[in-house]
Structure formats: C-alpha cells, structure tokens
Amino acid sequence: MEHEEFGEETLSDVDWAAIRAAVPSFAETWAAITHDSSYDGTLPFVSIHELAKHIVEEVIRQRPDEVDQLAAVIEYEFTMAALDDRERYAGLLEVGLLEGLIDAADSLGMPLRQLLPLLRGPRTREHWHAAVAYRRPGRIWDDALGPVPTFKLPSPVGTIEIHRGQRLDERRVLLDARLVSGDLSRAQFIRHEVGKDFWIESRILRVSRRSSDLHDELEFVVESIVRDGVDEWMELPSPYEPFWQLADGSSWPDRGLPNDER
Numbered sequence: 031m032e033h034e035e036f037g038e039e040t041l042s043d044v045d046w047a048a049i050r051a052a053v054p055s056f057a058e059t060w061a062a063i064t065h066d067s068s069y070d071g072t073l074p075f076v077s078i079h080e081l082a083k084h085i086v087e088e089v090i091r092q093r094p095d096e097v098d099q100l101a102a103v104i105e106y107e108f109t110m111a112a113l114d115d116r117e118r119y120a121g122l123l124e125v126g127l128l129e130g131l132i133d134a135a136d137s138l139g140m141p142l143r144q145l146l147p148l149l150r151g152p153r154t155r156e157h158w159h160a161a162v163a164y165r166r167p168g169r170i171w172d173d174a175l176g177p178v179p180t181f182k183l184p185s186p187v188g189t190i191e192i193h194r195g196q197r198l199d200e201r202r203v204l205l206d207a208r209l210v211s212g213d214l215s216r217a218q219f220i221r222h223e224v225g226k227d228f229w230i231e232s233r234i235l236r237v238s239r240r241s242s243d244l245h246d247e248l249e250f251v252v253e254s255i256v257r258d259g260v261d262e263w264m265e266l267p268s269p270y271e272p273f274w275q276l277a278d279g280s281s282w283p284d285r286g287l288p289n290d291e292r
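In our numbering, the protein residues as written are 31 to 292.
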C-alpha cells in the first residue's frame, strides 16, 4: 500500500505485507513482534530486518519449499516499485531486506552464495549488486565466487592491540596501541574484519613511539573521515575486539587524502 504525505511517499509495515506472506514460517515471529508494547509499524526498516534474519537462519537452510515463492515475490515487488516509481519502497527492499540478508549471513559466517536461490529476476539482481557494493566496498558480485575484489587486497604484515582512541578532527584519529607482532616498517593500513570478507580499514598517516622505554607502545594517527555525520570510530575500538591487522596496502585504492597527510 502506497502512502503520500506532502508529495513524498511514506512507508509502513503494511507496504511489505506481500513479502511476509511469502514466508509462512515467519508468522509466529511476526505475531510476537507486533504484540510487543514497543512495536511501531511506521518503522519498516527495523522490522523487515527481522524477516531477513529469519530467512537466513531458517528458510535458506531448513525450508527450501519457501524459497521459490519468496524469490518470485521479491522480484515482483521490485518490478512493481519500478513501474510505479516508488523509489522509497525499492529502497526499503534493498536496504532493509537485501542488506539485511547480508548482515544476517555475516553474523552466521554463511557465504553469500548460499543466498543465490533468492536472486531470480533482473530487478532483484540489480538491487542485490547495489547492496553488495555498499556492504562490500571495492567488490563486485559474481555468482560463482561471491563478492570479488576489484583490486589486490592488502597483505598482512603484523598485529596491534588498540588501547584507546581519540578523534583529532574530522579526518584523523589518534590511537594508543601495542605492537603485538610483525613488521611495522611495511605497515600502511590498520584493518579489522567485522563480517565475512568485510573489513574496516584506516590508512596510517603517522606512527611514533609513546616512550623510549617502551619499544612496543605506539601512537598511530590514522585516516578516519566523518562522512554524512557518521563516525566509524564512535563505537571503536571495542574492548572485546582490540586486535587489528597491520597491512601493507600497496595496491589499496586512493581514498583522496592530500599528499601531505600520508
């Protein structure tokens, strides 16, 4: 169902009812969601993620009978969204559902190729390629291989343990860290795997020793640009995941820092 408010489409959980109906095994979970006192049907990007989790955890591996119907409905909904010029609804399906599938698969360590049975039509595949490009920066989708890097990946050259971080400005973060192992002279990036084949990485701008008496205690100034108000270091480094990889990154794409910042 399409809603209009001041000429702009608004969305609710009513809009993706056909998607839910294509997954009968989700009915019990959906009933529990809607009966919770905190449920808000005007936040479809939140609730559709629950369906994505269910599809990955239950449908793909245990209910192949639901996959064909779901794939057909997803393609139909993308097609109708295009014909009716419903960009926000198509965005809900791409970001809420397809990117939600990627997130859910990553949390289980499931290869994305196991989601191939859902990619049945041209509209679905078009949006899937966009979702993969966003969730796997620098990669393109290949049915046989999954997300394929468009450049040579950095080679690991060591490991550091991050103690704390402090933002210096919108482009730089100062990190106190301990060199655990490796060749610091070859390190150009720090990297951390946050999902299956998906890394957060920051270019190293400067390294110095915190004390002449502590040879393995270091200060790193790394690139971390705040984009669209999003600070990737706001929740990092996590005390539960302090170890980051050092990488040479000689073939890593130029992310646009001025030469005097490298």
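The beta-carbon is built from N, C-alpha and C at its ideal position, and this holds for glycine as well.
Classification of F181 by the beta-carbon crowding that lies within 10 angstroms, buried from 16 upward:
exposed
Where DSSP assigns a beta bridge to S238, which residues make up the other side?
E249
May I ask you to check if the CB of R93 is nearer than 8 Å to at least one heavy atom of the ligand GTP?
Of ligands this structure carries none, so the ligand GTP is not represented either.
Candidates E247, Q218, D133 and V237, of which the one nearest Q275 by Cα:
Q218
Rounded C-alpha distance that separates V251 from E223:
20 Å
Nearest to I85 by CA position, among D70, T40 and L138, is which residue?
L138
Which same chain residues, not among the five before or five after A112, have their C-beta less than 8 Å away from its C-beta?
A120 and R153
With H, G and I counted as helix, E and B as strand and the rest as coil, what does DSSP make of L205?
strand
Per-residue DSSP class, three states only, for E255
Checking the sequence, you will find Ile at residue 255 rather than Glu. Here I255 sits in coil by DSSP.
State the start and end residues of the unbroken beta strand (DSSP E) segment that holds G188.
P186 to R197
Boundaries of the alpha helix (DSSP H) in which W60 is found, first to last residue
A57 to H65
In whole angstroms, what is the alpha-carbon distance linking A82 and L122?
12 Å
Rounded to the nearest angstrom, how far is the Cβ of S232 from that of S254, given a contact under 8 Å?
5 Å
In its own chain, which residues sit with a C-beta less than 6 Å from the C-beta of L127, not counting the 5 before and 5 after it?
I78 and A82
By the three-class DSSP mapping on this structure, what secondary structure does A52 have?
coil
CB-CB under 6 Å to R143, same chain, minus the five flanking residues each way: which ones, in chain order?
G176
Starting from the Cα of F273, find the closest Cα among I190, P184 and D70 and give me that residue.
I190
Counting along the chain, where does the beta strand (DSSP E) carrying G176 start and finish?
G176 to P179
Looking at the structure shown, is D172 part of a helix, part of a strand, or coil, going by DSSP?
strand
Nearest-angstrom Cα distance between D213 and M140?
32 Å
Just tell me which of L148, L183 and G71 has its CA closest to the CA of W46.
G71
For Y69, which residues in the same chain have their Cβ closer than 7 Å to its Cβ, ignoring the five residues on either side in sequence?
I63
Can you tell me which residues form a DSSP beta bridge with W229?
E223
Might you give, ordered along the chain, the residues of its own chain that have their beta carbon closer than 7 Å to the beta carbon of A48, omitting 5 neighbours on each side?
V103 and E107
To the nearest whole angstrom, what separates the beta carbons of E39 and R116, a pair I think is in contact under 8 Å?
6 Å
Less than 9 Å separating the beta-carbons of V162 and A277?
no
Nearest neighbour of E58, chosen from F75, V44 and E88 [CA to CA]:
E88
Just checking my contact of E247 with L205 at CB under 8 Å: how many whole Å lie between their CB atoms?
With 8 Å as the limit, E247 and L205 do not qualify as a contact, their Cβ atoms being about 11 Å apart.
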